[in-house]
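K.L.:
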Amino acid sequence: MLDPKLLRESPEIVRAAIARKHLDVDLDAVLVLDASWRALLAEVEGLRSRQKAANHEMAAANKGSSEFLAKVQEMKAVSQEIKTKEENLNFTQEKWHAAMLALPNIPHASVPDGRTPEENQVYATNGAIESASPHAQAHWEIPGFSNLVDFARGAKVTGAGFPFLIGDGAKLSRALLQFFLDEDVEAGYTEVSPPIFVNAASATATGQLPDKEGQMYETADKLYAVPTAEVPLTNFFRDEILEEDLLPVCRCAYTPCFRREAGSYGKEVRGLNRVHQFDKVELLKWVHPSSSYDELEKLRNDAERLLQKLELPYRVLLMCGGDLGFSQSKKYDLEVWAAGQKRWLEVSSCSNFESFQARRAQIRFRAKSTGKPELVHTLNGSGLAVPRVLAALLENNLQADGRVKIPAALVPYFGKEFLSFK
RNA sequence: GGAGAGGUGGCAGAGUGGUCGAAUGCGCGUGCUUGGAAAGCACGUGUAGCCGCAAGGUUACCGGGGGUUCGAAUCCCUCCCUCUCCGCCA
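Residue numbers (our numbering): 4 to 425.
1. Would you kindly check if the distance between the Cβ of Q181 and the Cβ of N416 is under 7 angstroms?
2. Alpha carbon to alpha carbon, what distance is there between G217 and S330?
3. Near L212, what residues of its chain come up, given a Cβ to Cβ distance below 7 angstroms and the 5 sequence neighbours on each side ignored?
4. Can you tell me which residues form a DSSP beta bridge with K333?
5. Mapping DSSP to helix, strand and coil, what is I145?
6. What distance in whole Å lies between the Cβ atoms of Q402 and H142, which are believed to be in contact at a cut-off of 8 angstroms?
7. Expressed to the nearest angstrom, what Euclidean distance is found between the alpha-carbon atoms of L286 and S358?
8. Would you check if the distance between the CB atom of V290 and the CB atom of E298 is smaller than 7 angstroms?
9. Apart from the five residues just before and just after G2, which ones in its own chain have a Cβ nearer than 7 angstroms to its Cβ?
10. Can you give the Cα-Cα distance for F368 and A361, rounded to whole angstroms?
11. Can you look up I366 in the DSSP assignment and give me helix, strand or coil?
12. Skipping 5 residues on each side, what residues in its chain have a beta carbon closer than 7 angstroms to that of V152?
13. Taking a contact to mean a Cβ-Cβ separation below 7 angstroms, would you say S176 touches V389 in this structure?
14. Rounded to whole angstroms, what is the Cα-Cα separation between G343 and V234?
15. Quick one: what's got a C-beta closer than 6 angstroms to G164's C-beta in the same chain, skipping five residues either side?
16. So L26 packs on P107, CB below 8 angstroms; how close in whole Å?
17. What is the rounded straight-line gap between the Cα of V379 and the Cα of E46?
18. Can the beta-carbon of S351 be found less than 7 angstroms from the beta-carbon of K334?
19. Measuring CA to CA, which of I132, C253, Q365 is closest to A395?
20. Looking only at its own chain, which residues have a Cβ that is under 7 angstroms from the Cβ of M4, when we skip the five neighbours before and after it?
21. Could you work out which residue in F71, G170, R262 is closest to D59 when comparing CA atoms only?
22. Going by alpha carbons, who is nearest to Q365 out of L50, D242, N93?
23. Which runs of the alpha helix (DSSP H) fall wholly inside the region 77-105 and span at least 4 residues, in chain order?
24. Have a look at K79, A228, Y126, D37 and flag the residue whose alpha-carbon is nearest the alpha-carbon of E338.
25. Suppose contacts are defined by Cβ-Cβ distances below 7 angstroms. Is A412 in contact with K283 by that definition?
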């Protein structure tokens, strides 16, 4: 959510942000709502003030006196009026709040203009992509693939998009997770193992609710399976005021992630490219507002380093305004090259939310200079998502003999130098 | 899952219909005192919205939501959470 004061004082900034993100929002309607909400609030407060004053008088008065009884009659009318006006106030306030939640975050000045994913800026490219993998195949076409990743059995047992990982497939997945977590801890993140179900309040604070509930699996008792560790991790400090000295707080967490992916279909979702349950390590930071853009660069570097150590070719995209996402101020996507599919696969998305999430989740710190609470800035990024990295390893490192070469950094975790599909 | 007890400010803890945003103690801050510290003394010390250039004013918040009442921390309903005992269990 944006600062309501920003909207009142500089609506043109918000208008420009909406335009840069190519969204369709009726800002004038929000401004009108804001004005009428404030007018109603003043009215109700005036009435309540009167009621309060009368209460003090009545407390001191003789309860049986005629003055007292007259006062009761008088205040009955006021009470009724408050009730009516308050209903109107609450109704308007709900509409105002919903309208405020529908306003997107402001893109940072360094975000390039653009409407579509094609207009994202290729910020960096690392590694050779064509000649390096002479035996590459799309991972689902590699002979023996279903020995490692069994979609058919997964579909029988649970449903489409819930594969079993078996043998070296399961082991490689576990090795990657272990590798990611160790590297992230080494980089200064504290490892956390969070709950993988969250309540509605948490899902609301990070923006999954109310609009995206169709993307989450919901249990009978109104808990949601996490779509990413970002949700429980961010909510850890919800409604809290941290000491300034504590910042920046850097944490990482592995969780399985559950996404219904309603409406997805086609080539993009083949094999491991998109599944309903996948493993991911998430990186999360709560930082002082003055350092959030430095921290974003560090976060991106931390994610990139993982791909470098795995010797996987990748590129970094700087997202343009139109592809930025509703709540981000700035975002880099890391895409790994899958040599068999000849496609880039997104394996990490590193974002600065500035105070947008923090305002919604009420995560603040006490500024030492003023003693007053201020909103933190939050950032997050994957470090990294497992299935697509696994797919890229299988495709890129496939040898003539049908085995897959394991990158040196991963060998200690995997326990051997080659993966076999047998 | 069953039975019981309880949720009040940073913490402890009073308050069972009105003068209560809330006693008292601790903690914390500033000052006095001191060679310095402790003790002592004085004053101060929650969050948020709205109005205001400001000074300041005003409203809300006693686990969440709803209700009764002229008036609710206090009464009623409901949900959540914590603790104790029992049961079950990786």
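Idealized CB from N, CA, C, for every residue including glycine.
Here the structure is a predicted model, which is why all the values come from computation and not from measurement.
P.N.:
Taking the structure as given:
1. Residue identity differs from the one stated: residue 416 is Tyr in this sequence, not Asn. At the C-beta level, Y416 and Q181 come within 7 angstroms of one another.
2. If I take the Cα positions, the gap works out to 18 angstroms.
3. Around L212: A203, A206.
4. DSSP lists N355 as partners of K333.
5. Residue state, collapsed to three classes: coil.
6. That pair is no contact at about 14 angstroms.
7. About 17 angstroms.
8. Yes, these two residues count as a Cβ contact at 7 angstroms.
9. Lying outside 4 to 425, the shown extent of the chain, residue 2 is not represented and no answer is given.
10. Between the alpha carbons of F368 and A361 lies a gap of roughly 10 angstroms.
11. Strand, per DSSP.
12. Hits under 7 angstroms: P166, L168, G172, L275.
13. Inclusion of S176 and V389 in the CB contact set at 7 angstroms is warranted, their separation being smaller than that value.
14. In a straight line, the C-alpha of G343 is about 33 angstroms away from that of V234.
15. The residues are V278, H279.
16. Contact holds; Cβ gap of about 6 angstroms.
17. C-alpha separation (whole angstroms): 34 angstroms.
18. Not in contact: S351 and K334 (Cβ atoms no closer than 7 angstroms).
19. It is I132.
20. The residues are M103, L104, F359, R362, R363.
21. According to the sequence provided, residue 59 is His. The question's Asp does not apply to it. Answer by Cα proximity: F71.
22. Comparing Cα-Cα distances from Q365 to each of L50, D242, N93, the minimum goes to D242.
23. Segments of the alpha helix (DSSP H) lying fully in the region 77-105: there are none.
24. Distance check between E338 and each of K79, A228, Y126, D37 places Y126 closest, using alpha-carbon atoms only.
25. No, the Cβ-Cβ distance between A412 and K283 is not below 7 angstroms.
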